[in-house]
């Protein structure tokens, strides 16, 4: 019985880190989202209504991860107009997974960026999503959580 409790007690805090970096050469936002593997598996399993065990090489799982992220992450230059983005893939790191996204932006001088991140908030009331934006050498960070899932960055 005690052994079955170990995965549930693997970590007692719920957090993700999202790093966004503007690339002027490609005129895109390069986004990396880090989440705990077990939390991601649980969220995608609930989202797809099928049992998901993380596998970075699975094409089907890449589609599932993309669909999940599309429902939880958005980036807007103009409020109410989400930008389309490309899910590039993922990689495992000990007990976490990095998810990689590229968001094309048409103009190189952005005045503002609205970021919505509700990753894992459907699972955990105490989920904290830290978002770091690096734009032209300046880094700004915000904390997003259930009930406050979107913030505006002024660039």
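In the working numbering, the protein residues as written are 150 to 304.
Think of the CB as a built atom: it goes at the ideal place given N, C-alpha and C, for glycine as much as any other residue.
Using a Cβ distance threshold of 7 Å, residue 252 and residue 177 count as a contacting pair. In the displayed model, residue 234 falls within coil according to three-state DSSP, outside both helix and strand. Contact between the region 288-303 and the region 244-251 is absent, with fewer than three C-beta pairs closer than 8 Å. Between residue 265 and residue 299, the C-beta spacing is below 7 Å. In the structure shown, residue 261 falls within a strand segment according to DSSP collapsed to helix, strand and coil.
By the CB criterion at 7 Å, residue 263 and residue 228 fall inside the cutoff. Scanning 245, 294, 175 for the CA closest to the CA of residue 271 turns up 294. Look at residue 164 here: in three-state DSSP terms it is strand.
Spatial neighbours of residue 213 in its own chain (CB-CB distance under 6 Å, excluding positions within 5 residues in sequence) are listed in chain order as 193, 197. Around the beta carbon of residue 162, fewer than 16 other beta carbons sit within 10 angstroms, so the residue counts as exposed. Annotated three-state conformation of residue 209 is helix, per DSSP.
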